[in-house]
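Read through the structure below, which is laid out as structure tokens, and then see the notes.
Residue numbers (UniProt numbering), protein chains in the order written: chain A, 1 to 272; chain R, 1 to 320.
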């Protein structure tokens with residue numbers, strides 16, 4: 001195990017380190033943060049000081065505390081969305097592959113159409129219709145990303161469904177659900193796990209972008225994308241503080257990308 | 001040749017069909033608004049009489065299919081209807097903004113394409129050296145950054161610290177070209193950074209794939225220098241996949257445009273879309289979504305056709 005870890009490239013090590021520390025911050029946010037999430041504790045836009053390590057924001061809330069709580073909200077929402085997208089995408093893909101025929105055709109064509117519009121554009125349209133709440137945000141983004149998950153899961157499962165043991169299970173008279181989740185899913189899971197990391201970063205970036213546009217996570221909840229929007233005017237005065245939440249987003253996606261890059265490199269056989 | 005033409009016509013037809021379905025979806029989705037458009041507009045001040053009058057005015061009493069056909073027919077003649085918030089002609093609102101967005105996208109493309117292809121060739125030439133490794137890390141980093149992080153980072157450096165470029169890009173129809181270029185430079189650079197990384201990685205990957213082929217080995221064996229092998233022998237064959245990637249990235253740029261325009265207060269289509277979503281200006285959102293979707297479908301179609309034209313094997317796949 002230790003020897004294996006030694007072979008991990010520096011970039012992937014960095015990625016693992018970043019993800020672990022984000023998780024710790026997100027889980028223990030109330031213990032780490034010096035002030036409550038939404039409490040106004042001082043004047044607006046105070047500079048960095050001993051009392052407020054990263055200053056205060058446009059309403060006089062402690063920037064550092066909001067960054068820490070932001071980890072919890074932003075990551076939690078993105079993670080929940082990705083999980084839902086995978087549950088929907090994989091289940092429908094397994095159903096399509098197991099049943100084949102017109103069911104498969106119908107779902108595939110529907111997914112083709114949904115994927116022919118950029119995700120951000122569709123989500124803007126849907127958020128206008130259903131209104132901006134955290135629940136709507138999660139469901140809409142999950143639904144849109146489940147189309148991509150469907151494509152990938154379908155491609156993977158297509159290779160599994162032709163195997164003899166699936167045929168054997170069919171002849172044995174196993175039910176649809178058994179074949180989907182006991183025969184196909186376990187054998188299609190490995191590539192889907194790597195895909196999960198990659199999709200998570202896209203979901204994370206999309207939600208942050210929507211929050212930045214003022215259409216995602218709504219105030220007073222602390223969210224990194226929304227925090228950039230709230231304090232952006234400081235940047236033109238040469239203050240870097242509003243870039244910190246954006247940097248936090250960038251650092252996490254970078255960390256996940258480094259790990260995925262390494263995993264792809266591993267699965268390609270360590271050649272190139 | 002007729003097989004090629006056939007294939008392309010087939011793709012164009014498929015693209016048009018997709019567009020038709022998308023337009024129907026954009027239209028139908030609004031039917032799911034809680035209440036209807038009339039209730040949305042009037043909000044709290046709605047009385048049964050004003051609601052009925054507005055429904056009459058908007059033609060909401062006719063069946064949806066009829067309304068959809070009328071809407072689509074109008075668009076085909078260049079008439080997107082009127083904004084439900086301020087009653088302005090949508091076509092007039094769109095005209096300027098579409099031009100601005102196209103200007104921004106064109107500028108970003110002109111900077112990004114030579115940069116990406118150049119870096120891609122460099123990375124392929126210097127494969128497995130520290131230059132290649134740093135380009136790899138650099139591009140992965142750029143891919144990971146949210147658009148607004150790149151945008152504000154550039155504002156911080158070039159307008160707040162150095163004071164070279166303006167942080168807000170308000171252009172009007174009477175802005176001189178030279179001013180417009182200066183004003184659009186930062187947004188264009190942001191978009192460039194967003195798309196370059198992907199294009200460059202694909203350029204490198206397709207060149208490296210080609211370098212493994214026997215004819216390249218032949219060129220090496222006859223004593224050609226590495227630079228000559230890459231630029232003269234491999235690159236011409238990599239043009240098709242690279243052009244394909246460029247078309248795909250222009251399509252990808254569409255999402256980036258929305259964010260970048262909001263950051264720089266650039267009066268383009270993306271900003272209009274976001275503003276209209278917050279104001280719930282339903283008809284404008286429909287129009288903007290349709291235009292973005294058409295552009296996306298168009299560039300994907302172009303990428304598709306280019307890859308067909310460039311790869312004879314794809315042409316005969318269906319006949320086998």
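All residues carry an ideal CB built from backbone N, CA and C; glycine is no exception.
Taking residue 194(A) and residue 115(A) to be in contact with their CB atoms under 8 angstroms, please state how far apart those CB atoms are, rounded to whole angstroms. Not really, about 21 angstroms apart at Cβ, beyond 8 angstroms.
C-alpha gap between residue 190(A) and residue 184(A), whole angstroms: 12 angstroms
For chain A, is any of its Cβ atoms less than 8 angstroms away from the one on residue 102(R)? no
So residue 250(R) and residue 148(R) are supposed to be a Cβ contact under 8 angstroms. How far apart are they, rounded? Incorrect: roughly 20 angstroms between the Cβ atoms, too far for contact.
Does the distance from the CB of residue 113(A) to the CB of residue 305(R) come in under 8 angstroms? no
Using the rule of at least 16 other Cβ atoms within 10 Å of the residue's Cβ for burial, across every protein chain shown, is residue 15(A) buried or exposed? buried
Measure the Cβ-Cβ separation of residue 282(R) and residue 37(R) and say whether it is below 8 angstroms. yes
Short of 7 angstroms in beta carbon distance, which residues of its chain neighbour residue 69(R), apart from the five on each side in sequence? Order them along the chain. none
Can a CB atom of chain A be found closer than 8 angstroms to the CB of residue 68(R)? no
Cβ neighbour criterion (16 or more within 10 Å) applied to residue 59(R): exposed
Residue 201(R) lies in the alpha helix (DSSP H); which residues open and close that run? 177-211
Partners in chain R for residue 209(A), counting only beta-carbon separations shorter than 9 angstroms: 146, 147, 148, 255, 258, 259
Could you check whether the Cβ of residue 20(R) sits closer than 8 angstroms to any Cβ belonging to chain A? no
Would DSSP call residue 37(A) helix, strand or coil? coil
When you compare each of 252(A), 106(A), 233(A) to residue 160(R) by their alpha carbons, which one comes out closest? 233(A)
Does any C-beta atom of chain A lie closer than 8 angstroms to the C-beta of residue 268(R)? no
In chain R, what lies closer than 9 angstroms to residue 116(A) by C-beta? 15, 18, 19, 21, 22, 293, 296, 297, 300
Rounded separation between residue 13(R) and residue 292(R) - CA only: 19 angstroms
Assign residue 75(A) to buried or exposed, taking buried as 16 or more other Cβ atoms, counted over all protein chains shown, within 10 Å of its Cβ. buried
Is the CB-CB distance between residue 46(R) and residue 253(R) below 8 angstroms? no
From this set, 18(A), 231(A), 260(A), 30(A), which residue's C-alpha is nearest residue 56(A)'s C-alpha? 231(A)
Along the chain, which unbroken stretches of the alpha helix (DSSP H) at least 4 residues long are found entirely within the segment 79-131 of chain R? 90-125
Whole-angstrom distance between residue 158(A) and residue 270(A), CA atom to CA atom: Note that residue 270(A) has pLDDT 47, beneath the 50 cutoff, so the model's placement of it is unreliable and no number is given.
Are the CB atoms of residue 142(R) and residue 190(R) within a distance shorter than 8 angstroms? no
Residues in its own chain within less than 7 angstroms of residue 228(A) by CB, not counting five upstream and five downstream? 212, 242, 245, 246
List, in chain order, every chain R residue whose beta-carbon is nearer than 9 angstroms to that of residue 20(A). Neighbours of residue 20(A) on chain R: none; closest Cβ ~18 angstroms, over 9 angstroms.
Listing by chain order, which chain A residues have their CB less than 9 angstroms from the CB of residue 274(R)? 124, 213, 214, 215
Proximity winner among 93(A), 124(A), 85(A), 73(A), relative to residue 345(R) (alpha-carbon distances): This structure gives no information on residue 345(R), because the portion of chain R shown stretches from 1 to 320.
Check whether chain A comes within 8 angstroms of residue 32(R), counting only Cβ atoms and requiring the distance to be less than that. yes
Where does residue 174(R) sit, in a helix, a strand or coil, going by DSSP? coil
On the three-pair Cβ rule with 8 angstroms, is the segment 118-128 of chain R touching the segment 197-212 of chain R? yes
Where does residue 201(A) fall in DSSP's three states? helix
Extent of the continuous alpha helix (DSSP H) to which residue 72(A) belongs: 63-99
Cα-Cα, which of 88(A), 128(A), 235(A) is closest to residue 158(R)? 235(A)
So which of 238(R), 269(R), 79(R), 194(R) has the shortest CA-CA distance to residue 310(R)? 238(R)
Helix, strand or coil: how does DSSP classify residue 275(A) here? This structure cannot speak to residue 275(A), because chain A is shown only from 1 to 272.
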